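Residue numbers (full-length UniProt numbering), protein chains in the order written: chain A, 1 to 942; chain B, 1 to 510.
C-beta atoms are modelled at their ideal positions from N, C-alpha and C, and glycine is treated no differently.
All values reported here derive from a predicted model rather than from experimental measurement.
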C-alpha cells in the first residue's frame with residue numbers, strides 16, 4: 001500500500017537459478033578507490049561472488065567488475081580492515097566451513113570497458129563448525145583494525161584477530177542462532193536468543209570466561225572458572241529478523257532490533273527507547289542518518305513489496321518496490337549519493353531512489369467497447385420490453401425445459417400383493433394388505449446419469465417399505481432401471497390422500513441439479529375393505545343424481561366378493577378406522593353416505609362420484625350424468641375440525657413459549673452458578689443446583705410434551721385435510737362447479753395442511769379466502785378495499801369461519817372463481833383500480849350508518865349462527881326424505897349478514913372527509929417516500 | 001550451475017533458517033522434517049519446524065475478537081446492568097449529542113451504531129437482547145456468527161492445519177511432559193505458540209504457561225501475557241486483567257497495553273480502555289495501533305468527532321493507514337462533504353486498494369459531488385470487481401443513483417437485481433416498496449415493506465414507510481404500530497413524529 005513507487009536508477013539480475021539471503025549483499029568502496037564511491041558486492045549461495053560498479057541509466061556488461069566462482073556457498077560478505085598493518089578495506093567472505101579474506105584490486109584496461117577487478121586471497125581460516133553468520137569490529141577497542149567473530153549454527157562464537165584465531169565460546173542456553181552484532185561503544189556483542197531475549201555479552205567477559213571448546217564441558221559443568229554471564233538482556237517477546245547498531249553524531253546510540261512483527265529501539269544499556277508495531281511482515285531493514293536532531297531514520301522493506309522510511313515511529317515515506325528484498329543497503333555512487341540498494345532472493349539487484357512517481361498500481365480498464373448508441377438503444381428497448389413482459393405475467397417460474405433427462409414411470413398393479421409386505425417390518429397383530437408398485441427410471445441423456453436418488457413420500461397412514469433408493473448409474477434409454485416399492489396402510493386413521501409422490505434427484509450433464517417427479521395413484525382397496533353396512537351413523541351426506549340408482553356391488557366390484565348380487569347398501573371400512581356405509585335409494589335417484597366420523601366420508605364420496613360417472617359413460621346415454629348435493633353444507637362439522645387443529649396449534653405455541661421461558665430460567669440459573677463457581681471465596685450454592693436440576697427436568701418434560709403436541713397436530717392436520725377434501729367436493733356438487741373453478745377452489749381451500757414455523761393453514765386459508773372475497777367474489781367496491789392482515793397466527797378462528805361461510809354463500813349465489821374466461825382483463829390493472837377506489841370520498845353519514853348497521857348485524861349473526869347450526873343438526877338426524885324437503889336456502893350458519901364489511905374497512909373514515917386533508921396525506925407520502933425512504937446512502941465498508 | 005549442487009554443500013539447518021527468514025515456511029518445515037528423520041532428538045530443527053508451522057497459521061491475537069452469542073448473553077462481567085450514558089458499548093445510542101450522526105443521515109448497523117468505514121472483527125455485530133432473539137436473528141451466510149467463540153473459527157483454524165499433515169499432528173500434546181518443557185525457556189516459548197496458535201489447545205497452553213511463569217519466578221512478562229491470552233480465550237477476563245497488569249509492572253510493551261484494552265472492551269468498560277490507551281501513548285507516543293484503538297472506541301460510542309480527530313492523528317504517524325483513511329472518508333461523506341471524501345477515497349485507490357467497495361464509494365462520492373461523468377464509470381468497475389457478497393450492495397447503490405437522476409425504471413430494476421443477488425437485502429426491499437407505493441401498487445408495496453421490516457427491525461425507514469402506506473389506505477391502527485416502531489429505531493425522526501401527532505388527533509376525534 002503505497003502512493004509512490006521507488007524510482008529505478010539501475011537494476012540487474014545477479015546470476016540466475018541462484019539463491020541469496022540476508023548476508024549476501026555488501027556495499028563498500030572495496031577497491032579502495034580514491035574517489036570513495038561505493039561498489040556493490042554480492043555473493044550467492046552457489047558460491048559466485050560478483051562486484052558491480054553501477055552506472056545509470058541501465059545495466060551494461062562493463063558494470064560488472066568481477067565475477068568469480070568460489071569453492072563453497074557464500075553466506076555473508078563484509079568489508080573491513082581485516083589485514084594487519086594495512087589501513088584499507090578488505091573483503092571477508094564467510095563460507096559454511098571457511099572464512100576467507102581477500103583483497104580486491106582494480107586492473108585498468110586499455111579502454112574504459114577494459115577495467116576490471118582482481119581478487120587475491122590474503123588468508124583464510126578453516127572453521128570446525130558450520131558457520132551461521134559473522135560480525136566484525138574493533139573488538140577490545142583496538143585501533144584501526146577489525147576483528148571478526150563467527151557464530152556457528154550450534155552456538156559457538158569464534159573470534160579471529162585478523163590472521164590468527166583467538167578463542168571460541170559457546171553461548172549459554174543456546175538453541176537456534178540469531179542475528180549477531182557488535183556494539184563498539186560498550187565493546188559487547190548482541191544477539192537474540194531462542195528464548196526471545198536480546199542478550200548482550202561483554203567482549204571482556206567472553207574472553208576471560210571458561211574456555212569451553214566442547215559442548216560436553218558446558219553441559220557437565222566440569223570445568224571451573226567464570227561462567228559466561230550476560231551483561232544485560234531485554235525481553236522482546238518475539239523472534240528477531242535482524243539487528244543493527246546505529247550511532248551518529250546527532251542521535252544517541254540506538255540498537256535496532258527488527259522482530260517478526262515489531263521494530264524495537266533500545267539504548268546501549270538495554271532499556272527501550274521506542275517500539276513500533278507493524279501490520280505487515282517485514283523482511284529487512286537498515287537504520288541511517290536522519291537530518292533531524294535526535295532521531296534516526298529506518299529503511300524497512302516488507303513482504304508486500306513496499307519500502308517504508310520511518311523517522312523514529314512516524315512513517316515518513318512509503319514507496320513500492322518491484323520485488324521482495326532480503327537485504328537493503330544505502331550506497332553513494334559517483335552519479336548519485338544515497339541510493340537504496342536492494343537484493344531479493346533470486347538475485348535481482350535494484351538501485352533506486354525515492355521520488356513521486358505514482359505507484360505501479362494501474363487499474364485495468366474495464367472491458368471497453370465502442371458503444372454504438374443506436375444499437376444500444378435498440379437493445380435497450382428490446383430488453384425493456386422483455387422485462388415488462390416478464391413482470392406483467394408475474395410468473396417468476398422459469399420455463400420448463402424442453403426435454404427432461406430422466407423420465408419416471410410407475411406401474412400400479414390391479415391386484416394387491418398375495419403376501420402383505422407390512423408384516424416384514426412391523427410385527428403387528430393386524431396385517432393390512434400391501435401393493436407393490438414398480439417405478440421405472442429411464443435416462444434420455446446422451447451420457448449415463450450417476451447417483452440418482454429416488455425418494456418416495458407417502459402420507460400417513462400409507463407407508464412404504466423403501467423411502468429412498470440410490471441408483472449408482474443409469475445408462476442409456478435402452479436399459480431402464482426399475483425398483484419395486486411396496487405400500488401398505490398402517491391403519492388407525494383416515495388417509496388424507498391416495499397418492500404417493502416419487503421424486504428423483506440427479507445432476508444433469510451440465511452439473512446442474514435436476515428433479516423428476518411423478519405421482520402414484522393407489523386403488524381404494526389399499527386402505528379399506530368391504531364390511532357389513534351400518535344402519536346408523538352420526539354424519540350423513542346425500543347425493544342426488546339424474547339417473548336411476550345402480551347396483552352398488554357392480555360399482556364397487558373390487559370390494560365385494562360377488563358383483564352380480566345387487567346390493568342397496570355397502571359398508572366400507574378403513575383399515576383400523578371407521579366404517580362408511582353407502583346406501584342407494586331404491587326409489588329416488590339418491591345415494592347416501594354415512595359414517596361416524598365426518599372426515600371419513602371423503603374418499604368414499606369421491607370414489608362413488610368417480611365410479612358412477614364412469615359407469616354411466618359406458619351406458620352411452622344421451623343425457624350426461626350429473627350428481628348434485630342439495631345442501632346444507634356440513635360447515636359445523638368442518639368447523640370442529642378446524643377448531644381441533646387450531647387448538648393444537650395454540651397448544652403448541654403455548655408449549656413453545658413455556659419452553660422459551662424455562663430455557664431462559666435455566667440459563668439464568670446457569671449464570672448464577674457460574675458466578676458462584678468462579679468466585680474465589682467458596683460460598684454455598686443456595687440450592688441453585690436443585691433449582692437447576694428441577695428446571696432441567698421441566699425442560700425435558702416440556703420438550704416431550706411439545707413433541708407429543710406435534711404428533712397430534714399431524715393427526716388433526718390429516719383429519720382437517722380429509723375434511724377439506726370432503727367440503728370441497730360437496731361445494732363442487734352443491735354449486736355445480738366447473739372443473740376449472742374446482743381447481744381454483746382446491747388451491748384456495750387447500751387440502752394440503754402444511755405446517756411451518758411462521759405460517760399455518762388457518763392464516764394461509766384465511767388470506768386466500770379474503771383475497772377471493774375481495775376480487776372475484778366481491779359484491780361491491782367496498783369489499784374490494786379490505787386490507788389484508790399480516791400473516792400470523794390469529795387469535796381465534798371466528799374470522800376464518802365467517803369468511804368461509806361467506807365464500808360458500810357467494811359461490812352458491814353464482815359466484816365464479818375463474819375470472820379469466822369472463823373479463824379477459826389483465827389482473828393487475830383490475831387491482832390497480834380497486835386500490836384507488838377506497839380513497840374516493842364517501843359521506844360520513846353513510847359510513848356511520850354502515851358501521852352501526854354492521855354492529856347490529858353482527859349481533860344478529862351470532863344469534864342466527866346458533867339457530868342455523870341447530871337447524872342443520874336437526875335436519876341431519878332426519879331421514880332422507882325429510883331432508884329432501886328442507887330448503888337449501890340461507891340456512892347456513894353465519895350467512896345472515898352478507899353485507900358485512902371486514903372490520904378494517906371502518907378505519908379509513910377519517911382520511912376521507914376533507915379532501916384537503918386527503919391531499920395533504922397524499923403529498924406527505926410522496927415527499928416522505930423520497931426524502932426518507934430512498935435518500936439513505938448505504939455505505940459498505942472496505 | 002545446478003541448483004542442487006550449491007545447496008548440497010550447505011548445512012541443512014542453515015538452509016532451513018534461511019527459508020524461515022524468507023517466509024518459505026513450507027520448505028523450511030520440509031527441511032526440518034528431513035533433519036528430524038535423521039536425528040529425532042535434534043532440538044534445533046524441532047524448534048524451527050514448530051516455529052514454521054506456527055507462523056503458517058499465525059494471526060495476531062490482538063485483532064482476533066469474535067464474540068459468540070453465548071459469551072454475549074452469558075456475560076457475567078458487566079459492571080452495571082444499566083450503564084450511565086456514554087459509558088458502555090452495549091448502549092451506543094446513549095451518547096448522542098456530541099457529534100453523533102443521526103440515522104437519518106448515516107445508516108445504522110443492527111447494533112445501533114453508525115455504519116463504519118472499515119469492517120473489523122467483532123465490532124459491527126449486534127448485541128441482541130435475549131438468547132431467543134439472538135438465535136432467531138436471520139442467520140444468513142453473511143451474518144452467521146458462532147454460538148460461542150470456543151467453537152467457530154478457532155476450531156476451524158486448528159483443524160485446518162492438521163489436514164495438511166497426513167501422518168497426524170507433528171506434536172502430540174497429550175503425551176508431552178509440560179513441566180519438563182517449562183524448565184527450558186527457549187523451547188517452551190516456541191512450544192507455547194505452537195499449542196496456542198497451531199493446535200488451538202488453550203487448556204494445555206495455559207498449563208504450560210502457568211508452569212513456565214512459575215519456573216522463571218514470575219519475572220517474565222511474556223509468560224504473563226500468554227497466560228492472559230489463554231485466560232481471555234477461556235473467558236476469564238478478570239484473571240487476564242490481573243496477569244496483564246502484572247506484566248506491565250515488569251516491562252512496558254505496546255502489546256500488553258493492547259491486550260489489556262481488549263480485555264476492558266470485552267468487560268464493556270470503554271472508558272477504562274481509553275484511559276489505558278492514553279497511558280500507553282505517553283510511553284509510546286505515536287503508536288498507530290494505540291491511536292486506532294481509541295478511535296475505534298469513540299466510533300463505537302457514536303462519538304464521530306473525536307474518532308475522526310484521532311484517525312487524523314493516526315494519519316500523521318502513518319499516512320498509508322487504510323482504516324483511518326476509509327473512516328475519515330466515510331465521515332466526510334455522511335457530513336455532506338462528498339468532495340473531500342472523494343479525495344480520501346482517491347488516495348486509497350492510488351495506494352493500490354482495488355475492490356468493489358472502493359469503487360462503489362467513489363461512484364457515490366462522484367455522484368454527490370456532481371461529477372456525473374465519473375459516476376457510471378466507477379460503478380461499472382465496481383460491478384466487474386464485485387463478488388457474490390457485495391454484488392447486492394453495488395446494485396443497491398446504483399439504484400440510488402438511478403433514483404437521484406429520476407430514472408425510476410432503472411432504479412426499480414437495480415433494486416430487483418440487488419435482491420436477486422442477496423434476497424436478505426432489507427434496504428433494497430424498502431426501496432422497492434417505496435417505488436411500488438409510488439406506482440400505486442399498494443399491496444406489493446406493503447409486502448415489500450413488511451419484508452424489509454422483518455429482515456432489519458433496526459431500520460426505521462421500512463416502519464415509517466409502512467406507517468404512511470397504512471395511513472394512506474386508512475388502516476390507522478397498523479399505521480400507528482409502524483410509526484411507533486419507526487420512532488423506536490430513530491426517536492428524533494420528525495416526520496414520524498408528525499404522523500404520530502396526526503394519528504393521535506385522529507384517534508382523539510374518534
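If only uninterrupted beta strand (DSSP E) runs of at least 3 residues are considered, none is enclosed by the segment 720-751 of chain A. Distance from the CA of residue 619 (chain A) to the CA of residue 728 (chain A), rounded to the nearest whole angstrom, comes to 28 Å. Between residue 477 (chain B) and residue 795 (chain A), the alpha-carbon positions lie close to 17 Å from each other. In the structure shown, the three-state DSSP call for residue 230 (chain A) is coil. Interface annotation for the segment 168-201 of chain A against chain B: 173, 174, 175, 176, 177, 193, 194, 195, 196 and 197, criterion Cβ-Cβ distance under 9 Å. Excluding sequence positions up to five before and after residue 33 (chain B), its CB lies within less than 7 Å of the CB of 49, all in the same chain and listed in chain order. The shortest C-alpha to C-alpha distance from residue 441 (chain A) to any of A:337, A:48 and A:484 is the one to A:484. Per DSSP, residue 643 (chain A) lies in no beta strand (DSSP E) segment; the continuous alpha helix (DSSP H) that holds it begins and ends at 635-678. Between the segment 492-501 of chain A and the segment 445-459 of chain A, the count of C-beta pairs closer than 8 Å reaches three or more; the two stretches touch. Counting C-beta atoms within 10 angstroms of its own C-beta, residue 374 (chain A) has fewer than 16 neighbours from the protein chains shown and is therefore classed as exposed.
Judged by beta-carbon spacing, residue 2 (chain A) lies within the 7 Å limit of residue 306 (chain A), meaning their Cβ atoms are closer than that value.
Taking one beta carbon from each stretch, the segment 11-24 of chain A and the segment 40-47 of chain A have 3 or more pairs nearer than 8 Å; the two touch. In the displayed model, residue 519 (chain A) falls within a strand according to three-state DSSP. Interface residue (Cβ-Cβ distance to chain B less than 7 Å): residue 318 (chain A) is classified as such.
Within 7 Å of the CB of residue 274 (chain A), the CB atoms of chain B belong to 284, in sequence order along the chain. Within the DSSP secondary-structure output, residue 157 (chain A) pairs in a beta bridge with A:151 and A:169. With a beta-carbon spacing of about 24 Å, residue 181 (chain A) and residue 126 (chain A) fall beyond the 8 Å limit used to define contacts.
CA-CA distance, residue 117 (chain B) to residue 422 (chain B), rounds to 21 Å. If you check each beta-carbon in the segment 87-112 of chain A against every beta-carbon of chain B, the ones closer than 7 Å belong to 96. Neighbourhood of residue 237 (chain A) in chain B, by CB distance below 8 Å: 221, 222, 225, 253 and 255, in chain order. In the structure shown, the three-state DSSP call for residue 382 (chain B) is helix. Contact between residue 66 (chain A) and residue 113 (chain A) is absent: CB atoms are separated by about 14 Å, not below the 8 Å threshold. In this structure, DSSP gives residue 271 (chain A) a state outside helix and strand, which the three-state scheme calls coil. With fewer than three CB-CB distances shorter than 8 Å, the segment 570-581 of chain A does not count as touching the segment 636-643 of chain A.
When A:304, A:722 and A:732 are compared, the shortest CA-CA separation from residue 321 (chain A) is found for A:304. Counting of Cβ neighbours within 10 angstroms places residue 310 (chain A) among the buried residues, the total reaching 16 or more. Among the CB atoms of chain A, one or more fall inside 7 Å of the CB of residue 14 (chain B).
At the C-beta level, residue 238 (chain A) and residue 259 (chain A) come within 7 Å of one another. Ranking A:50, A:98, A:33 and A:22 by CA distance to the CA of residue 13 (chain A) puts A:50 first. Between residue 73 (chain A) and chain B, the shortest Cβ-Cβ separation is below 7 Å.
Using a C-beta cut-off of 8 Å, the segment 344-351 of chain B makes no contact with the segment 342-353 of chain A, since fewer than three inter-stretch Cβ pairs fall below that distance.
Going by DSSP, residue 270 (chain B) is part of the alpha helix (DSSP H) stretching over 270-283. Approximately 23 Å separates the beta-carbon atoms of residue 178 (chain A) and residue 79 (chain A); this is outside 8 Å, ruling out the contact. Out of A:142, A:134 and A:156, the CA that lies nearest to the CA of residue 148 (chain A) is found in A:134.
In the DSSP assignment, residue 290 (chain B) falls within the unbroken alpha helix (DSSP H) covering 288-300.
The residue from A:102, A:264, A:350 and A:718 with its alpha-carbon nearest to that of residue 246 (chain A) is A:264.
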